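The structure appears right after this line, and notes come after that.
2 protein chains.
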Amino acid sequence: MEYILKDIKIGVNNKIYLKDPESTPLGKRIVQDGIRLISESGFENFTFRKLGKRIKSNESSIYRYFENKHKFLVYLTSWYWGWKEYQLVFATNSIENTENKLLTAIEILTKPVERDSTFGHIDEVALNQIIINESSKSFLTKEVDAENKDGYFLIYKRLVGRLSEMIKAVDPGYKFPKSLASMVIEGSLHQYFLIDHFTSITDCNEKVLPPDYFKNLVQNVLKIENNGR
Amino acid sequence: MEYILKDIKIGVNNKIYLKDPESTPLGKRIVQDGIRLISESGFENFTFRKLGKRIKSNESSIYRYFENKHKFLVYLTSWYWGWKEYQLVFATNSIENTENKLLTAIEILTKPVERDSTFGHIDEVALNQIIINESSKSFLTKEVDAENKDGYFLIYKRLVGRLSEMIKAVDPGYKFPKSLASMVIEGSLHQYFLIDHFTSITDCNEKVLPPDYFKNLVQNVLKIENNGR
DNA sequence: TAAAAATAATAGTATTACTATTATTTTAAC
DNA sequence: GTTAAAATAATAGTAATACTATTATTTTTA
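Protein sequence lines, in the order shown, are assigned to chains R and X. In terms of my numbering, the numbers along the first sequence are unbroken and rise by one, the last being 229. In terms of my numbering, the numbers along the second sequence are unbroken and rise by one, the last being 458.
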């Protein structure tokens with residue numbers, strides 16, 4: 001994917017970090033290798049000490065960017081959804097036909113992630129693995145309401161809102177646009193998880209991908225004629 | 230809900246525990262207060278030491294039942310899905326009409342959980358809260374493939390399989406029965422989470438409940454006529 | 001009543017998730 | 001080009017976690 005604008009920056013709520021990691025080379029290394037480390041060994045086994053060792057920096061220096069590893073995960077998920085939102089707006093903005101617009105949106109949100117060279121220090125494919133395997137842990141906590149109040153999940157909710165509006169544009173009478181939108185986004189992550197680990201309870205695989213399932217689903221729910229797209 | 234058979238026991242894979250907690254009073258207290266403690270303070274803040282204190286037993290005694298708190302969570306989720314499977318089979322077994330059968334199944338699987346007096350030491354409502362807020366953590370780990378091989382998630386997968394068969398019975402031509410079944414079950418948990426924490430991205434609430442959304446969804450996807458049920 | 005099994009008590013360990021302090025290096029301002 | 005400020009690194013320390021191991025005590029059963 002290529003961008004017309006240079007030097008795009010994904011805007012993450014600045015309450016999530018102590019110091020913007022995009023503002024320094026060390027910050028970028030923290031994000032870059034943090035993504036690698038978490039995607040390799042999982043969020044539970046990830047510590048700032050290990051990350052410090054890996055980037056040949058000090059644990060204490062990482063703490064000057066992020067309060068703790070939970071906020072680091074919130075940062076990564078927020079960045080990811082900001083990036084997806086960008087792609088979504090970019091790809092659908094000029095589409096007039098509401099059905100095409102919606103189907104394109106679903107395609108963007110559910111297709112396998114590819115590397116995006118615009119953001120040099122972020123490996124989006126590895127980050128997507130983190131989103132699939134770890135992102136629910138960012139909100140499945142006892143602190144979710146407080147953090148939600150502080151705007152930690154704004155980008156994610158805004159993205160669901162955008163998809164929901166597109167659903168409404170296609171079928172203003174449909175009663176559950178928000179639930180359907182949230183389910184497409186969250187459900188897609190889950191289907192990818194099933195492909196990797198519980199193949200017996202999904203119909204998706206290397207050939208039939210989540211976009212096929214979700215486009216078919218939404219077409220049927222909203223009674224869109226399948227015109228062969 | 231009442232059961233015809235007395236002394237039903239939900240069969241949990243015995244690799245999950247070291248000693249069957251249903252076999253002793255201490256084991257039952259571990260499960261009973263374990264459920265309360267996790268639902269009150271969350272899985273991250275839960276420790277066997279705290280549970281020991283609460284039930285006035287010793288940390289080391291709890292370790293004789295469960296290897297660690299992760300396996301305890303796997304046990305609880307496995308018990309929960311076993312219980313749901315029981316309800317599902319019980320409620321749908323005698324229904325001949327495939328559409329009614331499927332809609333009843335969805336109702337059972339997505340409706341708010343009520344206390345079941347059959348299992349005295351288990352507070353199903355609190356357990357349901359754990360399932361909503363913590364159960365994904367039981368499989369979102371680096372050990373998932375090994376544990377899956379050992380049968381830790383069998384009951385859950387069997388339940389999805391049952392729902393998927395009912396979908397197939399209604400519409401043998403539908404291409405994604407397994408994905409749809411897994412999405413109804415997992416998506417329902419997510420919708421309840423949204424009702425509690427992210428109300429702006431769901432259409433469900435105290436009046437419009439997940440069963441309404443999911444029955445409508447499946448009816449539309451499989452082109453079932455809504456006959457007013 | 002003795003033996004076995006279950007439970008409880010105690011102690012100990014490596015790791016985690018930090019905080020605090022000080023030292024060193026890098027950068028920016030004049 | 002020096003100085004001050006900011007950033008980074010090094011070191012040490014702490015309470016809690018997630019256990020293991022050993023021994024003591026209580027309960028069950030044969």
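All C-beta atoms in this analysis are idealised placements derived from N, C-alpha and C, irrespective of residue type, glycine included. Predicted, not measured: the structure shown is a model, and the values here were computed from it.
- Query: Which of the three DSSP states, helix, strand or coil, is assigned to K330 (chain X)?
  - Reply: Mapped onto the second sequence, residue 330 (chain X) falls at position 101. In the structure shown, K330 (chain X) sits in a helix (DSSP, three-state: H, G or I).
- Query: So what's K257 (chain X) in DSSP terms, helix, strand or just coil?
  - Reply: Indexing the second sequence from 1 puts residue 257 (chain X) at position 28. Shown here, K257 (chain X) sits in a helix according to DSSP, grouped into three states.
- Item | Close Cβ partners of W245 (chain R) (< 6 Å) along its chain, the five nearest in sequence each way excluded | Residue 245 (chain R) lies beyond the stretch modelled for chain R, which goes from 1 to 229, so this question has no answer here.
- Message: Give me the residue from R:I95, R:I130 and R:W83 with the minimum Cα distance to T118 (chain R).
- Response: Translated into the one-based positions of the first sequence, residue 118 (chain R) becomes position 118. Out of R:I95, R:I130 and R:W83, the CA that lies nearest to the CA of T118 (chain R) is found in R:W83.
- Query: What is the DSSP secondary structure of R229 (chain R), reduced to helix, strand or coil?
  - Reply: Reading the first sequence from its first residue, position 229 is the one you call residue 229 (chain R). Unreliable positioning characterises R229 (chain R) in this predicted model, as indicated by a pLDDT of 41, which lies under 50. The coordinate reading is nonetheless provided below. It is coil, neither helix nor strand.
- Message: Taking beta-carbon pairs under 8 Å, can you tell me which members of the segment 87–121 of chain R lie near chain X?
- Response: Residues of the segment 87–121 of chain R whose Cβ lies closer than 8 Å to any Cβ of chain X: none.
- Please confirm whether L338 (chain X) and L305 (chain X) have their CB atoms less than 8 Å apart. Start at 1 with the first residue of the second sequence, and residue 338 (chain X) comes out as number 109. Start at 1 with the first residue of the second sequence, and residue 305 (chain X) comes out as number 76. No, they are not a contact pair.
- If you pair each beta-carbon of the segment 141–153 of chain R with each one of the segment 43–61 of chain R, do three or more pairs fall below 8 Å? Not touching, per the Cβ criterion.
- Query: Which chain R residues sit within Cβ distance under 9 Å of Q420 (chain X)?
  - Reply: Position 191 of the second sequence, counted from the first residue, corresponds to residue 420 (chain X). Near Q420 (chain X) (Cβ distances below 9 Å), the residues of chain R are S179, S182 and M183.
- Just the C-alpha distance for G52 (chain R) and D249 (chain X), rounded to the nearest angstrom, thanks. Working through the first sequence from its first residue, we reach residue 52 (chain R) at position 52. Working through the second sequence from its first residue, we reach residue 249 (chain X) at position 20. Looking at the two C-alpha atoms, the distance is approximately 43 Å.
- Message: Please state the DSSP three-state secondary structure of L172 (chain R).
- Response: Against the first sequence, residue 172 (chain R) aligns to sequence position 172. What sits at residue 172 (chain R) in the sequence shown is Pro, not Leu. If DSSP states are grouped into helix, strand and coil, P172 (chain R) belongs with coil.
- Under 8 Å between C-beta atoms, does I430 (chain X) make it to chain R? Numbered from its first residue, the second sequence carries residue 430 (chain X) at position 201. For I430 (chain X), the answer is yes, since a Cβ of chain R falls inside 8 Å of its Cβ.
- Cα-Cα separation, A169 (chain R) to L163 (chain R): Within the first sequence, the letter at position 169 stands for residue 169 (chain R). Within the first sequence, the letter at position 163 stands for residue 163 (chain R). For the pair A169 (chain R) and L163 (chain R), the Cα-to-Cα distance works out to about 10 Å.
- Query: Between I106 (chain R) and K215 (chain R), is the Cβ-Cβ spacing less than 8 Å?
  - Reply: Against the first sequence, residue 106 (chain R) aligns to sequence position 106. Against the first sequence, residue 215 (chain R) aligns to sequence position 215. For I106 (chain R) and K215 (chain R), yes; Cβs fall inside 8 Å.
- Message: Within a Cβ cutoff of 7 Å, which residues of the same chain sit near E296 (chain X), ignoring the five residues on either side of it in sequence?
- Response: Sequence index remark: in the second sequence, residue 296 (chain X) carries index 67 (1-based). The residues are L247.
- Message: Quick check on this structure: which residue in R:S135, R:Y174 and R:T92 has the alpha carbon closest to the alpha carbon of G252 (chain R)?
- Response: Because chain R here runs from 1 to 229, residue 252 (chain R) falls outside it and cannot be looked at.
- Quick one: residues in its chain with C-beta nearer than 7 Å to the C-beta of H350 (chain X), no 5 flanking neighbours on either side, listed in chain order? Within the second sequence, residue 350 (chain X) is the residue found at index 121, counting from 1. By the criterion of a C-beta distance shorter than 7 Å, H350 (chain X) is surrounded in its chain by K257, V260 and Q261, once the five residues flanking it on both sides are discounted.
- Query: Contact between the segment 435–444 of chain X and the segment 197–215 of chain R: three or more CB pairs below 8 Å?
  - Reply: No contact exists between the segment 435–444 of chain X and the segment 197–215 of chain R.
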